Amino acid sequence: MDTLKVRDARDVEEVVRAAIASDQPLEIIGHGTKRAIGHPMATNAVLDLSALNAVSAYEPNELIITVQAGAPLADVQSLIDSKNQQFAFEPTDTSALLGVSGSGTIGGMIGAGLAGPRRIKAGGARDHLLGAHAVSGFGDSFKTGGRVVKNVTGYDLCKLLAGSWGTLAVMAEVTLKVMPKPESERTLMLSGLDDVTANRAMTSALGSPYDVSGAAHLPNSAFRPATGALAGFAAQGRAATLLRLEGIAASVADRANSLAKTLAPFGSVDMLQDGASAEVWSTIRDVEPFAAGGALGAWPVWRIVCPPASGGALGQALARDSGGDVIYDWGGGLIWAALPPKPDALAALVRQRVEAAGGHAALIRASERTRRDVDVFHPQAGGVAALSQRVRHSFDPKIILNRGRMLLMTAT
Amino acid sequence: MVIMMPAADQAVLSRRDAIVAALRAIVPGEGVIDSAAEMLPYESDGLMAYRQPPMVVVLPDTTEQVSKVLKYCFEQGIKVVPRGSGTSLSGGALPLADGVLLGLGKFKRIREIDFDNRVVVTEPGVTNLAISQAVAHAGFYYAPDPSSQIACSIGGNVAENSGGVHCLKYGMTTNNVLGCEIVLMSGEILRIGGKAAENSGYDLMGIITGSEGLLGVITEITVRILQKPETARALMVGFAEVEAAGECVARIIGNGIIPGGMEMMDKPAIHAAEAFVHAGYPLDVEALLIIELDGPGVEVDELIKRVEAIAQACGSTSCQISTSEAERNLFWAGRKAAFPAVGRISPDYLCMDGTIPRGALPKALARIRDLSAKYDLRVANVFHAGDGNLHPLILYDANQPGEIERAEAFGADILRACVEFGGVLTGEHGVGIEKRDLMPEMFSEIDLNQQQRLKCAFDAQGLLNPGKVFPTLHRCAELGRMHVHGGRLAFPDLPRF
């Protein structure tokens, strides 16, 4: 299979046009760290964006950065970190989960659109993508959005590009919002709660005025290996419910006291300070308890998004009935579920439960064979599925980009 | 005026009686309005320089009726213009002579308040403020706060992706909506998203938000609600030079402080507002910043100190800090009344809405001053300074021949300057008809074609709100055509692996 390493946006256009002309579908990659997510693709050439790696403009005072899609995420993160800024949506690094090295590129981060714990406060990848230059499946270079946050000029195509897994257009350059890093953080921890009670505690914290920026629950699990920052909790053998506060030190301390009082009905509260707190949240963000190299490394992993207050009951039943393990983030609104290996990854069970709770589930880690047979992304209702297909065709009528990855569909 | 709408379809107009009768069969009673006198209130929206009576007004009160009306119009090839409260400042709800005006004003019910999931499920005709009021007893509110929030509907907010003073910190409508029920032009009813943080598949909610009524008619919306910050305090800071005020804004943000709101007014705006509401604004300054910090008391107190120090370092000439809610509200009173205040000193005004990078504020103000001299029209400037969103108010008198044309040309030049400085044509008011013909200043034909292809995915016949947003209408078949270039997969000079 050909790998075509493009050097500039013009190359991208050329490659896509040639691919259209010869009906040779392209797989679009940056560093290829998320290639194992989605259905196996029906592509016969690879468009490699990793050489489009320049930072075009970083303007800390404007809170924006413009970078080419192939720029390494780690490099960009350390650049903005040098100005004490960050991507506020805390992009999930899937490398541990998938057992690959490197955290990928900016293009991959946007295409996957996976946001971490702070999504409940700061929004997702889609909320931080301000503008893009991309090449559609028509082979046309187009731009959308701009370089300012407040912009309603024309349709907001950025929203579609985020989380589209490279199936609508090949991004060449993007402008992202960056935000100041909080001066300090503190995590309040409740111990020993069952999932439903923990869900109630998180709901109570998120319904308080204390500006909680992370709300996660790690159930007491027989399976979870003692990894990283969670080793201490596992040793205690007790479930941990974690609530993060961020901001200026005086404010964090003040809110921590208030929140501890709010949480009093759920038990006594332990505090994790800055470094320890940060470590715990990166473990949750990157789903490290289900790491490919860990005890559950061979188990399929589902990413379930649901109304937050229904998460506890949903996850608890799912874990019980499947014999699997779950981690809750977003106050219960995001459940990572590792289920015992079955050829169908227990898709029917997962989807039936998740739909009943008003959510949806994507199979983020599974064998290639499973990903061939099971809907990786949540099947949509007829009308919405048809509309999504028309949207796809409006960008890529010949399904030349990442064919087969997201929706099982064929060319027009 | 200057902007032309698509020519009316005489064949449709000649069938008007039959169309009215068919609509009456769908929406009974007073829900169909066809007399010229009763249609008068629907002739224009907030962009009042433009007026056009619709062919007929329909006010359905159920999703099923909306669906049937759209299906009928779809089958009959009749254009439809959706309308919420009619407060659009860009003409997004301007009727068409041969179109049905579909008003959502009867969708006035909040369907569900769910504090545990921190969402409100509401019908689109509910006002923005009513949502906040409905959840205020539990300490919650809906964050986006366009200045028309008493009147504007949440459906219109979604259509326009409305902003407001507080969107600097809390985001615009698009960052605060989770799901909707939408009726496509074909009459098909779809549910997108819900109470979960994200919808599955493509982010259709994201594309519907801000689509200015061109993609579908929204009949239900799920919005996020937040806990009200514990306290809010404001600083009112005067500067002898606009540049210093601009520098102050940049430094506050540069220091990692994101205020709840950060507004700027120039001298003419300050004077007009002070004469109107007597808020105690300093009259000897060239620029006034109102900066609001919100959050826990200790945090607000600390940030007030930091902002005050930054302002002093930038050469502020006056600085007042609110010590009570009454005082904070007084600081805001002038800013919130800026538009009507300017309305008192001029028979008419045009409100512009470009966004620029914050750093370009002084440059943009200088340009606006030059243009004011060139067009011989006064201008008062109010800005959402924190996010670079400018609202120059161009003062004119419609009774003076040629003045509105001059005012529009002045406004267009301001928006061109915004694009030139790295910004955009509209920050929160929408393109509508007002900025439609300026779209090529920002987008190439290819860019616009891609947007219109998306429109085709929702409305292949182009019947929903045509003539808005896009300067040129294309047929979907034409847009969908592939122009294949080359013909071989051969890249002789590309590295291969």
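Residue numbers (this note's numbering), protein chains in the order written: chain W, 12 to 423; chain D, 1472 to 1968. Cβ coordinates follow ideal geometry from the N, Cα and C atoms, glycine included. Note that the coordinates shown come from a computational prediction; the quantities given were computed from them, not determined experimentally.
What would DSSP say about W:Arg-380, mapped onto helix, strand or coil?
Mapped onto the first sequence, residue 380 of chain W falls at position 369. The answer is helix: DSSP assigns W:Arg-380 an H, G or I state.
Span of the beta strand (DSSP E) holding D:Gly-1766?
Sequence index remark: in the second sequence, residue 1766 of chain D carries index 295 (1-based). It spans 1758-1766 - the beta strand (DSSP E) in which D:Gly-1766 sits, taken as one unbroken run.
What is the rounded straight-line gap between the Cα of W:Leu-171 and the Cα of D:Thr-1598?
For this step, residue 171 of chain W is matched to residue 160 along the first sequence. For this step, residue 1598 of chain D is matched to residue 127 along the second sequence. Rounded to the nearest angstrom, the two C-alpha atoms are 28 Å apart.
Considering only the beta carbon of each residue, do W:Lys-16 and W:Ala-56 sit closer than 7 Å?
Translated into positions along the first sequence, residue 16 of chain W becomes position 5. Translated into positions along the first sequence, residue 56 of chain W becomes position 45. Not closer than 7 Å, so no.
Taking W:Asn-268 as part of the alpha helix (DSSP H), name the residues at either end of that continuous run.
Counting from 1 along the first sequence, the entry for residue 268 of chain W is found at position 257. Counting along the chain, the alpha helix (DSSP H) containing W:Asn-268 begins and ends at 260-273.
My output table needs one value for D:Leu-1530: the three-state DSSP class, helix, strand or coil.
Position 59 of the second sequence holds residue 1530 of chain D. D:Leu-1530 falls in the coil class under three-state DSSP.
Taking the straight line between their C-alpha atoms, what separation do you get for D:Lys-1666 and D:Ile-1625?
Residue 1666 of chain D sits at position 195 when you count from the first residue of the second sequence. Residue 1625 of chain D sits at position 154 when you count from the first residue of the second sequence. Roughly 17 Å between the two C-alpha positions.
Under a Cβ-count criterion, where at least 16 other Cβ atoms within 10 Å of its own Cβ denotes burial, should W:Lys-154 be classed as buried or exposed?
Residue numbering aside, residue 154 of chain W sits at position 143 when the first sequence is read from its first letter. W:Lys-154 comes out buried.
Quick one: what's got a C-beta closer than 6 Å to D:Val-1813's C-beta in the same chain, skipping five residues either side?
Position 342 of the second sequence, counted from the first residue, corresponds to residue 1813 of chain D. Closer than 6 Å at the Cβ level, and outside the excluded window around D:Val-1813, lie Ala-1743, Tyr-1820, Ala-1851 and Leu-1864.
Residues of the region 208-232 of chain W whose Cβ lies closer than 8 Å to any Cβ of chain D, in chain order
Thr-214, Leu-217, Gly-218, Ser-219, Pro-220, Tyr-221 and Asp-222
What residues in the region 86-97 of chain W bring their beta carbon closer than 7 Å to a beta carbon of chain D?
Asn-95
Which residues, in order along the region 65-84 of chain W, keep a beta-carbon less than 7 Å from a beta-carbon of chain C?
The structure shown contains no chain C; its protein chains are W and D.
Kindly indicate if chain D contains any beta-carbon less than 7 Å away from that of W:Val-160.
Within the first sequence, residue 160 of chain W is the residue found at index 149, counting from 1. Chain D, which has a Cβ nearer than 7 Å to the Cβ of W:Val-160, makes this yes.
Check the Cβ of D:Asp-1626 against every Cβ in chain W and list those closer than 7 Å, keeping chain order.
The residue labelled residue 1626 of chain D in the question sits at position 155 within the second sequence. Checking the sequence, you will find Gly at residue 1626 of chain D rather than Asp. Residues of chain W passing the Cβ test: none, with the nearest at roughly 16 Å.
Give the C-beta separation of W:Ala-324 and W:Val-207 to the nearest angstrom, bearing in mind that I take them to be a contact with Cβ-Cβ under 8 Å.
For the purposes of this step, residue 324 of chain W is identified with residue 313 of the first sequence, where counting begins at 1. For the purposes of this step, residue 207 of chain W is identified with residue 196 of the first sequence, where counting begins at 1. About 6 Å; that satisfies the 8 Å criterion.
Using a C-beta to C-beta distance shorter than 8 Å, which residues of chain W count as neighbours of D:Ala-1721?
Position 250 of the second sequence, counted from the start, is the residue given in the question as residue 1721 of chain D. Neighbours of D:Ala-1721 on chain W, chain order: Asn-72.
Per DSSP, which one or two residues make a beta bridge with W:Trp-347?
Translated into the one-based positions of the first sequence, residue 347 of chain W becomes position 336. Paired residues: W:Arg-314 and W:Ile-338.
Inter-residue Cα distance where the pair is W:Phe-277 and D:Tyr-1543:
By one-based count along the first sequence, residue 277 of chain W stands at place 266. By one-based count along the second sequence, residue 1543 of chain D stands at place 72. Cα to Cα, W:Phe-277 sits roughly 56 Å from D:Tyr-1543.
Counting only beta-carbon separations shorter than 7 Å, does D:Ala-1667 have a partner in chain W?
The residue you call residue 1667 of chain D lines up with position 196 of the second sequence. It does: the Cβ of D:Ala-1667 has a partner Cβ on chain W nearer than 7 Å.
Considering only residues of the same chain and omitting the five flanking positions on each side of W:Gln-79, which have a CB-CB separation below 7 Å?
Here residue 79 of chain W corresponds to residue number 68 of the first sequence, with the count starting at 1. Result list for W:Gln-79: Leu-63, Asn-64, Ala-65, Ser-67, Ala-183 and Glu-184, in chain order.
Kindly confirm or deny that the region 1600-1616 of chain D and the region 138-148 of chain W touch, where touching means at least three C-beta pairs closer than 8 Å.
no
So W:Gln-391 contacts chain D; which residues on that side make the cut at Cβ distance below 8 Å?
Taking the first residue of the first sequence as position 1, residue 391 of chain W is located at position 380. Contact of W:Gln-391 with chain D by beta-carbon distance below 8 Å involves Ser-1671 and Gly-1672.
Can you tell me where the alpha helix (DSSP H) holding D:Glu-1583 begins and where it ends?
Taking the first residue of the second sequence as 1, we reach residue 1583 of chain D at position 112. Looking at the DSSP string, D:Glu-1583 is not in any alpha helix (DSSP H); the run it does join, the beta strand (DSSP E), is 1581-1585.
According to DSSP, is D:Lys-1699 helix, strand or coil?
Walking along the second sequence from the start, residue 1699 of chain D turns up at place 228. D:Lys-1699 falls in the coil class under three-state DSSP.
Can you confirm whether W:Gly-41, when its beta carbon is compared against all beta carbons of chain D, has any partner nearer than 7 Å?
On the first sequence, position 30 is the one that residue 41 of chain W refers to. Not one chain D Cβ lies under 7 Å of W:Gly-41.
DSSP-derived helix/strand/coil call for D:Val-1483:
For this step, residue 1483 of chain D is matched to residue 12 along the second sequence. D:Val-1483 carries a helical assignment under DSSP once its states are collapsed to helix, strand and coil.
Within 10 Å of its beta-carbon, does D:Glu-1583 have 16 or more other beta-carbons around it, so buried, or fewer, so exposed?
On the second sequence, residue 1583 of chain D is found 112 positions in, with the first residue counted as 1. By the neighbour-count definition (other C-beta atoms within 10 Å, threshold 16), D:Glu-1583 is an exposed residue.
Can you find a CB in chain D that lies within less than 7 Å of the CB of W:Pro-352?
Position 341 of the first sequence, counted from the first residue, corresponds to residue 352 of chain W. No, its Cβ sits nowhere closer than 7 Å to a Cβ of chain D.
For W:Asp-285 and W:Glu-196, what's the separation of their Cα atoms in angstroms?
As a position in the first sequence, residue 285 of chain W is number 274, starting the count at 1. As a position in the first sequence, residue 196 of chain W is number 185, starting the count at 1. W:Asp-285 and W:Glu-196: Cα-Cα distance of roughly 5 Å.
Report all residues from its chain with a CB closer than 7 Å to the CB of W:Thr-273; omit the five preceding and five following residues, and keep chain order.
As a first step, residue 273 of chain W must be located in the first sequence, where it is residue number 262. Contacts found: Ser-215, Ala-216 and Ser-219.
Proximal residues to W:Arg-46 (C-beta, below 7 Å), its chain only, five neighbours per side dropped:
One-based indexing of the first sequence puts residue 46 of chain W at position 35. Only residues of its own chain outside the window of five on either side were considered, and among them Ile-40 have a CB closer than 7 Å to the CB of W:Arg-46, listed in chain order.
Going by C-alpha to C-alpha distance, which of D:Val-1591, D:Tyr-1846 and D:Lys-1550 sits closest to D:Leu-1686?
Sequence index remark: in the second sequence, residue 1686 of chain D carries index 215 (1-based). The residue with the shortest Cα to Cα distance from D:Leu-1686 is D:Lys-1550.
Between D:Asp-1858 and chain W, is there a C-beta pair that is closer than 7 Å?
Translated into positions along the second sequence, residue 1858 of chain D becomes position 387. Yes - at least one Cβ of chain W is within 7 Å of the one on D:Asp-1858.
Under 7 Å between beta-carbons, which chain W residues line up against D:Met-1913? List them in chain order, please.
Within the second sequence, residue 1913 of chain D is the residue found at index 442, counting from 1. Within chain W, the residues near D:Met-1913 are Thr-164.
Using 7 Å as the limit for Cβ to Cβ distance, is W:Phe-153 near chain D?
As a first step, residue 153 of chain W must be located in the first sequence, where it is residue number 142. So yes, W:Phe-153 belongs to the interface.
What does W:Gly-134 touch in chain D if you count any residue whose Cβ is under 7 Å from its own?
Working through the first sequence from its first residue, we reach residue 134 of chain W at position 123. Neighbours of W:Gly-134 in chain D, taken as residues whose beta carbon is under 7 Å from its own, are Gly-1642 and Asn-1646 in chain order.
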